[in-house]
């Protein structure tokens with residue numbers, strides 16, 4: 006999976022949020038001052054080249070859609086983060102995550118429950 010620039014990631018965020026859409030829908034998602042039409046077109050072209058999005062021709066318009074799921078993209082991102090900064094150790098990542106981020110006890114309990122549920126689910130498979 007090819008790395009995205011910040012601008013490409015922003016456009017993908019909009020596309021994941023609204024789903025298949027036309028150019029005008031994407032442009033409307035940007036806050037003012039909106040990027041130039043040529044800038045957005047360039048980002049779209051680069052995302053097509055990187056195989057993140059495709060389009061279907063509908064009359065004179067193109068309807069753009071994502072071919073990379075948001076979960077897949079971020080999963081890949083987190084795996085790379087763990088590999089690069091935490092010696093490929095999920096334990097080191099979890100230790101950093103729980104120590105350095107300000108996570109409430111309530112949220113930590115919810116996360117623990119998710120982990121416990123995942124372990125139970127894997128045992129039943």
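Residue numbers (the numbering used here): 6 to 130.
Ideal Cβ positions, reconstructed from N, Cα and C, are used throughout, including at glycine.
Backbone secondary structure at residue i - three-state DSSP
| i | result |
| --- | --- |
| residue 66 | strand |
| residue 90 | helix |
| residue 72 | coil |
| residue 19 | helix |
| residue 57 | coil |
| residue 52 | helix |
| residue 107 | coil |
| residue 85 | helix |
| residue 77 | helix |
| residue 10 | coil |
Residue i, enclosing alpha helix (DSSP H) - first and last residue
| i | result |
| --- | --- |
| residue 126 | 110-129 |
| residue 34 | 28-34 |
| residue 41 | It is not in any alpha helix (DSSP H) - residue 41 carries neither H nor E in the DSSP assignment. |
Span separating the alpha-carbon of residue i from that of residue j
| i | j | result |
| --- | --- | --- |
| residue 7 | residue 77 | 12 angstroms |
| residue 108 | residue 90 | 21 angstroms |
| residue 18 | residue 111 | 28 angstroms |
| residue 28 | residue 82 | 27 angstroms |
| residue 120 | residue 43 | 46 angstroms |
| residue 99 | residue 115 | 15 angstroms |
| residue 50 | residue 10 | 13 angstroms |
| residue 117 | residue 63 | 47 angstroms |
| residue 48 | residue 55 | 10 angstroms |
CB-CB length for residue i against residue j, believed under 8 angstroms
| i | j | result |
| --- | --- | --- |
| residue 71 | residue 57 | 7 angstroms |
| residue 140 | residue 105 | Coverage of the chain is limited to positions 6 through 130, which leaves residue 140 absent and any answer about it impossible. |
Neighbourhood of residue i by C-beta, 7 angstroms cutoff - its chain only, sequence neighbours within 5 removed
| i | result |
| --- | --- |
| residue 21 | 71, 75 |
| residue 39 | 32 |
8 angstroms CB neighbourhood of residue i in its chain, flanking five on each side removed
| i | result |
| --- | --- |
| residue 66 | 27, 28 |
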